[in-house]
């Protein structure tokens, strides 16, 4: 069909790069919202709710089937819960440490996915892949400024440690979610799978918020800047997520997906321009090494 004709590669790359910047902008807006006392669960609810409506409209327009087998429903619900945990962890990290740092750590998920696939009986990573993973981990050491922190006599910053742990948890959870998507839910249409996933995220956030287990989880922004940031968060994420699925048949994702790995770089630039978050020279070099290694790993796959 004409509507499925792939975009020229430069157009597809431009669209994916724009979407990566939009996803990074969502996290910048989230940090501003959190700095104005916006509840983390409120941000998750707003983001998931608006995007869910957009994807539901897309699924209805395409008349895609929602019939799933009992086992498939189980995996789908588990996927939604994992993405809810991942979203919570990413926002918890963004609220504590520089956005670029959080995104760089979260982007370790391809390495964890490769190791998880191997552990569950899949193909073992090649020597070349292992070498690339080693380079990525070296870059991460620089990003986290491990040498400087080891040499410092100061007590480790509790918020920094918590932010890194939340980022690592998000990476690990997302790796499991990717494995389930590839090995248990690959036959479901992407828009349907994502719509159902967001429905679970929205439901889980609502239940957690009403339980009161997360103090201030549903707090409203305390200033107009917080409301504007919350609106930008929803708009940037919802527009990027919806555009990705609308245009996916024409983006040649198998070939161009590594472009999306520029999100941490966009987060680094936007974090500096908007939030004044500046990473050190070695951290920037380490960040570029991490992103370059992840792109190289993605192109190999």
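Numbering (the working numbering), first residue to last: 147 to 447.
For each residue, glycine too, the CB sits at the ideal point set by N, CA and C.
With a Cβ-Cβ cutoff of 8 Å, do residue 229 and residue 347 count as a contact? yes
Please classify residue 274 as buried or exposed, where buried requires at least 16 neighbouring CB atoms within 10 angstroms. exposed
Touching or not, the region 213-232 and the region 261-268, by the rule of three or more beta carbon pairs under 8 Å? no
Collapsed DSSP secondary structure at residue 358 in the structure displayed: coil
Would you please state the rounded distance, in angstroms, between the beta carbons of residue 246 and residue 410? I believe it to be under 8 Å. 6 Å
Distance, residue 370 Cα to residue 196 Cα: 20 Å
Nearest-angstrom Cα separation, counted from residue 351 out to residue 203: 22 Å
Close Cβ partners of residue 168 (< 7 Å) along its chain, the five nearest in sequence each way excluded: 382, 385, 386
Check this for me: beta carbons of residue 179 and residue 375, under 8 Å apart or not? yes
Please go through the same chain and pick out, in chain order, the residues whose beta-carbon is closer than 6 Å to the beta-carbon of residue 368, but skip the five residues on each side of it. 182, 183
Note down, in chain order, each residue of its chain lying with its Cβ closer than 6 Å to the Cβ of residue 175, except the 5 sequence neighbours on either side. 375, 378, 379
Helix, strand or coil at residue 436 [DSSP, three-state]: helix
With DSSP run on the structure shown, which of helix, strand or coil describes residue 181? helix
Are the region 428-436 and the region 283-299 in contact at 8 Å, needing three or more beta carbon pairs? yes
Just checking, does the region 293-301 make contact with the region 208-220 on the three C-beta pairs under 8 Å criterion? no
What residue from 201, 209, 238, 364 has the CA that sits closest to residue 173's CA? 238
Entirely enclosed alpha helix (DSSP H) segments - the region 148-212, minimum 4 residues: 155-181, 186-208
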